[in-house]
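To keep things clear, I will list the structure first and then write my remarks on it.
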Amino acid sequence: MTITLERIATQDTLPDSTSVVIIGGGIVGVSAALALAERNIPVVVIEKGHLGGEQSSRNLGWIRKTSRHVDDVPLALAADRLWAQMPERIGSDVGYKQSGIMFLSQTDEQLAMHEGWLKSVESLDLGSTLLSQKDIDQHVPGGQGQWKGGLYTPTDGKAEPSIAVPAMAKAAMAKGAVFVQNCAVRTLQTSAGRISGVVTEKGEILCDQVLLTGGAWSRRFLGNHGISLPTLPLVCSVLRTKPMDGPTDIAVGGPDFSFRKHQDGGYIITQRGKLDAPVTLDHLLIGSKYLDQLRTQRSFLKISFGCTFFKDIALGRHWKSDSVSPFEKVRVNNPDVNHGLNQDALNNLSNAWPVFEKAEIEEAWAGIIDVTPDSNPVIDRIAEIPGLTVATGFSGHGFGTGPAAGQLAADLVSNESPIIDPSPYRFSRF
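In numbering that gives the first Met the number 0, the protein residues as written are 0 to 429.
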């Protein structure tokens, strides 16, 4: 994880009972807890490691509507509103800034994709526009790249993953939510055919509802209960530079790099054109569901077979409530950084904007993205286990939509009117 992640103290003991247990202390789980606490609904968040320790602090911090599927845009719009309100809502800075996001096109094919997306959302009035080479040079000066054009949404933004989740968790605790870290939930408990509690490594806690926000771990947890959630892991490597003079506050995504300004004056950079795809058993079990993605995005994947496969097998797929779970064996999933991809991104960026030739790397990290077959999450009640709701599979854009996704999950759990239409995220679509 990034070394700038703020670690916060929580209680060590579980209460005997509550109304809602949330499994997973990332941004979606914490956002849901905040929403429930504000409604005076007793809620306990149980995190196997530490809050925000996995993808919620390892992402790029982008908050975007641009290039989302039209059905996913309402969630992003709701998130925009919640991010803008967050500092006043929780009494703390989260690094939010509506600084805009720009995507660059190097080929006619890439530009046509941006034009197609813009046409698909033209009724939504997002303020997105196509840019010429001259426009790009004005918005992001000092460049030497030759671009066919770009796509720019000035109302997109950014926040700081390393401070957002801890700040929101503190606010939720102040409003009555309970958080317990370093405690793995092993299994669900049911009575009369519905949720009655959860069993953790520290004992059982009774509850009426469970919300699973376990990110890349959700498939394994559900599989132990006979529920097949289709997600596969991808690994994204990221670097952060030391503070430097840069070309813009706008976040920029090129074909083989992306960058955005960090609050300390450095830049967050990644190789946007490549992700590591280490083969696991799940690729063999459900890989056929991803054939369409593989056909269109094969060039983006660095597929490998090695120790990740055998480590995944060793964790196990089935366990009982009185045995050690995979979540106790791996408290925080900390994949190896692909320094080659990071250096590749920095080189590509330096070719486009030479000012980055002076960049000094402050730190690097990697995180696991849980990808669904259509790249949209599941935010839904699970019919097979009444009382269980799932919010997971965010496919690399959970941070940006996190506040709205968490509130939508809280709405479902508490039977409130949903913040947006949840039908695009139904579990049954798979």
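C-beta atoms are modelled at their ideal positions from N, C-alpha and C, and glycine is treated no differently.
**Message:** Can you look up residue 183 in the DSSP assignment and give me helix, strand or coil?
**Reply:** coil
**Message:** Give me the DSSP bridge partner(s) of residue 379.
**Reply:** 389
**Request:** List the DSSP bridge partners of residue 101.
**Result:** 151, 251
**Message:** Quick check for students: name the residue ranges of the beta strand (DSSP E) that lie wholly in the segment 154-241, counting only runs of 3 or more.
**Reply:** 177-179, 184-190, 193-199, 202-205, 208-211, 231-240
**Asked** Would residue 235 be called buried (16 or more neighbouring beta carbons within 10 Å of its own) or exposed?
**Response** buried
**Asked** Who pairs with residue 53 in a beta bridge, going by DSSP?
**Response** Residue 53 is not bridged to any residue.
**Pairwise C-alpha distance: residue 233 and residue 274** = 6 Å
**Prompt:** To which residues of the same chain is residue 69 closer than 6 Å at the C-beta, ignoring the five residues directly before and after it?
**Reply:** 119, 120
**Request:** Would you kindly work out how many angstroms separate the C-alpha atoms of residue 208 and residue 395, rounded to a whole number?
**Result:** 27 Å
**Asked** How is residue 319 classed by DSSP in three states: helix, strand or coil?
**Response** coil
**Request:** Name the two residues that bound the continuous alpha helix (DSSP H) containing residue 334.
**Result:** From DSSP, residue 334 is part of no alpha helix (DSSP H); its letter is neither H nor E.
**Asked** Measuring CA to CA, which of 342, 371, 393, 130 is closest to residue 151?
**Response** 130
**8 Å Cβ shell around residue 92 - same chain, five flanking residues per side excluded** = 86, 162, 166
**Prompt:** With C-beta atoms as the reference, is residue 65 less than 8 Å away from residue 26?
**Reply:** no
**Message:** Relative to the C-alpha of residue 107, which candidate in 123, 146, 73, 72 has its C-alpha closest?
**Reply:** 146
**Contact between the segment 250-263 and the segment 208-223 (3+ Cβ pairs under 8 Å)** = no
**Asked** Around the Cβ of residue 242, are there at least 16 other Cβ atoms within 10 angstroms (buried) or fewer (exposed)?
**Response** exposed
**Asked** CB-CB under 7 Å to residue 196, same chain, minus the five flanking residues each way: which ones, in chain order?
**Response** 188, 203, 204, 205, 206
**Prompt:** Roughly how many angstroms separate the alpha carbons of residue 304 and residue 311, rounded to a whole number?
**Reply:** 12 Å
**Item:** Exposure label - residue 309; buried when at least 16 CB within 10 Å
**Value:** exposed
**Request:** Tell me, please, whether the segment 322-337 touches the segment 345-360 by the rule of three or more beta-carbon pairs shorter than 8 Å.
**Result:** no
**Item:** Same chain, Cβ closer than 7 Å to residue 7, five either side skipped, listed in chain order
**Value:** 50, 165, 168, 169
**Three-state secondary structure assigned by DSSP to residue 84** = helix
**Request:** Could you tell me whether the segment 383-400 touches the segment 283-293, using the rule of 3 or more Cβ pairs below 8 Å?
**Result:** no
**Item:** Cβ pair residue 268, residue 158 closer than 8 Å
**Value:** no
**Request:** Flag this pair as touching only if the segment 41-55 and the segment 416-427 have three or more C-beta atom pairs under 8 Å; answer yes or no.
**Result:** no
**Prompt:** How would you write the range of the alpha helix (DSSP H) that residue 269 sits in, first residue to last?
**Reply:** That residue, residue 269, is in no alpha helix (DSSP H); its beta strand (DSSP E) goes 266-269.
**Item:** residue 327 (DSSP reduced to helix, strand or coil)
**Value:** helix
**Request:** Would you give the residue range spanned by the beta strand (DSSP E) that residue 426 belongs to?
**Result:** That residue, residue 426, is in no beta strand (DSSP E); it is neither H nor E in DSSP.
**Request:** Name the residue from 54, 39, 181, 72 whose alpha carbon lies nearest to the alpha carbon of residue 4.
**Result:** 54
**Prompt:** According to DSSP, which residues form a beta bridge with residue 368?
**Reply:** 233
**Nearest residue (CA-CA) to residue 300, options 105, 316, 271** = 271
**Prompt:** Is the beta carbon of residue 256 sitting closer than 8 Å to the one on residue 347?
**Reply:** yes
**Asked** Nearest to residue 417 by alpha carbon, out of 77, 44, 20?
**Response** 77
**Message:** Here's the rule I'm using: 16 or more other beta-carbon atoms within 10 Å means buried, otherwise exposed. How should residue 182 be labelled?
**Reply:** buried
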